[in-house]
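Sequential numbering from 1 applies to the sequence shown in full-length UniProt numbering.
From the three backbone atoms N, C-alpha and C, an ideal C-beta is built for every residue, glycine too.
In this text the structure is predicted, and so the values were computed from the model without any measurement.
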Amino acid sequence: MVSFFRNYEAQVFPEFPTGNGQIDLLIRYAGQLFGLELKSFADKHQYGKALTQAVKYGKRLGVSEIWLVLFIETVDETNRQRFEVDYTSGHVTVHPQFVQTGSVLSS
């Protein structure tokens with residue numbers, strides 16, 4: 001992945017310390033800083049904690065947007081609409097995004 005970004009003159013920093021823990025991935029591209037926090041989706045409570053953590057990382061990094069990537073075995077459209085909703089606290093917006101790890105085809 002890092003070599004892919006080199007072709008686009010991007011810098012990639014895995015597990016970047018924020019002073020508030022470590023955000024999983026930072027990408028600097030075209031003069032902008034993109035933060036990605038990676039989690040496994042467990043339940044609504046853990047999801048809420050992940051949103052709060054991502055906001056803290058955004059504040060410490062001085063960025064207005066963070067992407068929260070949530071790995072999940074399967075997810076239906078109802079839950080995508082319920083959880084893939086931007087969350088804003090202060091001046092930081094978190095963009096949650098599910099990544100389905102299981103098969104999208106029914107057996």
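Buried versus exposed call for Q11 [16 or more other C-beta atoms within 10 Å across all chains shown]: exposed
Should K56 go down as buried or exposed, given a rule of 16 or more other Cβ atoms within 10 Å for buried? buried
Distance, T74 Cα to S107 Cα: Per-residue confidence for S107 stands at a pLDDT of 46, beneath the threshold of 50, marking its modelled position as unreliable; the derived number appears in the next sentence. The alpha-carbon atoms of S107 and T74 are separated by roughly 13 Å.
Would you decide whether A42 is buried or exposed? Buried here means 16 or more other CB atoms lie within 10 Å of its CB. exposed
Three-state secondary structure (DSSP) at H95? strand
So what's V85 in DSSP terms, helix, strand or just coil? coil
G62, buried or exposed, once every other Cβ within 10 Å from all chains shown has been counted against 16: exposed
Is V92 closer than 7 Å to G58 when the C-beta atoms are compared? yes
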